[in-house]
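Student: What follows is a structure written as structure tokens; I'll ask about it next.
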Amino acid sequence: MPALLDAVTGGPMRLDLPPVRAAALLLVDGLGHRLLHEHAADAPFLAAMSDHGPLLAGFPSSTSISVTSLGTGLPPGTHGTLGIRFRVDGTLLDSLTWTSDAGDAAELLPPETVQPHPTVFERAVGLDVGATVVSARAFRTSGLTRSALRGADYRGVGAFGDLAAELLDALGRPGPQLVYGYHSDLDQLGHLHGPGSTAWRWQLRQIDRLVEQLVAELPAGALLAVTGDHGMVRVDRRYDADTDPDLQAGVALVGGDPRARLVYADDGAADDVLATWRGVLGEDAWVLTGAEVVDRGWFGALDDAVRPRVPDVVAALRGSAAVVRTEGERLLSRLPGQHGSLTGDEHVVPLLAAVRT
Numbered sequence: 092m093p094a095l096l097d098a099v100t101g102g103p104m105r106l107d108l109p110p111v112r113a114a115a116l117l118l119v120d121g122l123g124h125r126l127l128h129e130h131a132a133d134a135p136f137l138a139a140m141s142d143h144g145p146l147l148a149g150f151p152s153s154t155s156i157s158v159t160s161l162g163t164g165l166p167p168g169t170h171g172t173l174g175i176r177f178r179v180d181g182t183l184l185d186s187l188t189w190t191s192d193a194g195d196a197a198e199l200l201p202p203e204t205v206q207p208h209p210t211v212f213e214r215a216v217g218l219d220v221g222a223t224v225v226s227a228r229a230f231r232t233s234g235l236t237r238s239a240l241r242g243a244d245y246r247g248v249g250a251f252g253d254l255a256a257e258l259l260d261a262l263g264r265p266g267p268q269l270v271y272g273y274h275s276d277l278d279q280l281g282h283l284h285g286p287g288s289t290a291w292r293w294q295l296r297q298i299d300r301l302v303e304q305l306v307a308e309l310p311a312g313a314l315l316a317v318t319g320d321h322g323m324v325r326v327d328r329r330y331d332a333d334t335d336p337d338l339q340a341g342v343a344l345v346g347g348d349p350r351a352r353l354v355y356a357d358d359g360a361a362d363d364v365l366a367t368w369r370g371v372l373g374e375d376a377w378v379l380t381g382a383e384v385v386d387r388g389w390f391g392a393l394d395d396a397v398r399p400r401v402p403d404v405v406a407a408l409r410g411s412a413a414v415v416r417t418e419g420e421r422l423l424s425r426l427p428g429q430h431g432s433l434t435g436d437e438h439v440v441p442l443l444a445a446v447r448t
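In our numbering, the protein residues as written are 92 to 448.
As structure tokens, then:
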């Protein structure tokens with residue numbers, strides 16, 4: 092998003108994106124670089140678009156982390172959204188739903204406080220650039236929207252038709268425009284049926300047709316970029332952090348998601364938890380201390396205010412394994428499609444672009 096803002100304000104050219112009057116990014120949830128190329132026959136238009144990537148998603152490679160990075164232009168260690176579930180001031184916050192075990196967490200943990208940095212949209216408005224977010228109606232006032240996308244004119248939509256109409260309307264307004272659009276169904280079907288499944292492939296075909304039609308209708312001087320927030324893998328080996336006594340020993344909180352677990356240990360138990368998780372997961376995961384993850388740059392540059400959110404232990408899954416929570420995350424634990432780790436199937440996303448001169 093900062094590169095697109097530069098493209099409409101005459102800033103430095105980044106990601107090889109040309110100067111334009113208006114620019115939109117369509118985020119297709121779950122559109123991984125490798126998945127797209129493996130199924131190029133189902134998405135011939137996308138596969139033929141000008142390729143300005145691939146890009147690396149942040150870690151963990153999951154939606155709320157990537158959306159916040161896109162909306163702020165900052166890495167997780169700076170914007171502070173370290174996982175789908177991560178500890179903030181002693182509370183395990185679900186950054187997708189902005190809830191805790193006690194329910195709605197927006198009053199206890201205001202999104203503008205958890206993520207205090209200006210968004211790209213706030214910066215755009217300050218530069219007299221029109222800023223628009225086109226996404227599901229239900230997300231208009233969500234915690235994630237307030238955290239990552241605040242400052243834009245929010246256009247709530249319900250299907251492909253009004254998503255396309257609102258994107259094109261925003262791009263067609265006079266003057267410089269910065270637009271963000273979001274579509275979630277490919278990710279949903281990947282979770283439910285697995286990436287590459289028949290249902291997933293049919294959805295990819297529909298997205299390909301949508302993008303083709305959007306490009307055909309772009310107003311003069313407008314650019315449409317397409318990316319994903321993560322890819323996805325099919326899992327077939329599950330470890331259960333809610334029922335395995337070894338994985339429970341010395342653990343205060345288990346955050347993250349099945350492919351990227353953030354583990355907060357009881358006082359004095361971090362070393363034992365690290366050794367146990369390494370022993371149980373073996374070659375199925377990279378298991379590191381939080382300090383090691385910070386040193387390796389997995390979270391990017393770390394703000395001092397974010398340091399207390401860093402877990403004691405991080406387990407990034409490999410192959411087709413997952414660490415599920417059958418009691419705390421009942422539905423998620425059963426799904427065949429998962430993401431969040433550092434494998435190329437999850438971590439690498441495309442950046443495709445088309446311009447109407």
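Even for Gly, the Cβ is constructed at its ideal location relative to N, Cα and C.
Source: prediction; values computed, not measured.
(1) Alpha carbon to alpha carbon, how far is Ser226 from Glu129? Give it in angstroms, no decimals.
(2) Go to Arg176, then tell me how far its beta strand (DSSP E) extends in each direction, as first and last residue.
(3) Taking buried to mean at least 16 other C-beta atoms within 10 Å of its own C-beta, is Asp299 buried or exposed?
(4) Cα-Cα, which of Asp348, Asp337 and Val384 is closest to Ala366?
(5) For a test of the three-state rule: what should DSSP assign to His430, helix, strand or coil?
(6) At which residues does the alpha helix (DSSP H) containing Asp206 begin and terminate?
(7) I'd like to check one pair, Val439 with His124: are the Cβ atoms closer than 8 Å?
(8) Just the Cα atoms here: how many angstroms apart are Leu200 and Gln206?
(9) Measuring CB atoms only, is the region 210-221 touching the region 238-254, in the sense that at least three cross pairs come out at less than 8 Å?
(10) Pairing CB atoms from the region 294-314 with CB atoms from the region 410-427, are three or more of them under 8 Å?
(11) Scan the region 327-370 and note each continuous beta strand (DSSP E) run of 3 residues or more that stays entirely inside, going in chain order.
(12) Relative to the C-alpha of Val446, which residue among Ala113, Val354 and Arg328 is closest?
(13) CB Leu404 to CB Val378, shorter than 8 Å?
(14) For a quick check, are the C-beta atoms of Leu269 and Ala222 less than 8 Å apart?
(15) What number of angstroms, rounded off, separates the C-alpha of Arg231 from the C-alpha of Val248?
(16) Return yes when at least one heavy atom of the ligand COA lies under 7 Å from the C-beta of Arg325, else no.
(17) Measure from the alpha carbon of Asp348 to the alpha carbon of each residue in Ala261, Asp386 and Pro151, then state which is nearest.
(18) With distances taken from CA atoms, which of Leu117, Ala98, Leu96 and Leu108 is nearest Val317?
(19) Just list the residues that DSSP pairs Leu269 with in beta bridges.
(20) Runs of 3 residues minimum, wholly inside the region 242-295: which ones carry the beta strand (DSSP E) assignment?
(21) With DSSP as the reference, please indicate the residues paired to Thr190 in a beta bridge.
(22) Taking the alpha carbon of Ala376 as the point to measure from, which residue in Ala351, Arg425, Ala196 and Asp278 has its own alpha carbon closest?
(23) Exposed or buried, what is Gln429 when buried is set at 16 or more other beta-carbons lying within 10 Å of its beta-carbon?
(24) Under a Cβ-count criterion, where at least 16 other Cβ atoms within 10 Å of its own Cβ denotes burial, should Met140 be classed as buried or exposed?
Tutor: So, to answer that:
(1) 27 Å
(2) Arg176 to Val179
(3) buried
(4) Asp337
(5) coil
(6) One point to set straight first is that residue 206 is Gln, not Asp, in the sequence displayed. Counting along the chain, Gln206 falls outside any alpha helix (DSSP H), and DSSP gives it neither H nor E.
(7) yes
(8) 10 Å
(9) yes
(10) no
(11) 328-331, 342-348 and 351-356
(12) Ala113
(13) One point to set straight first is that residue 404 is Val, not Leu, in the sequence displayed. It is a contact, given that the beta carbons lie within the stated cut-off.
(14) yes
(15) 10 Å
(16) Ligands displayed in this structure: none; no statement on the ligand COA is therefore possible.
(17) Pro151
(18) Leu117
(19) Ala114 and Ala222
(20) 244-248 and 268-274
(21) Asp185 and Asp195
(22) Ala351
(23) buried
(24) buried
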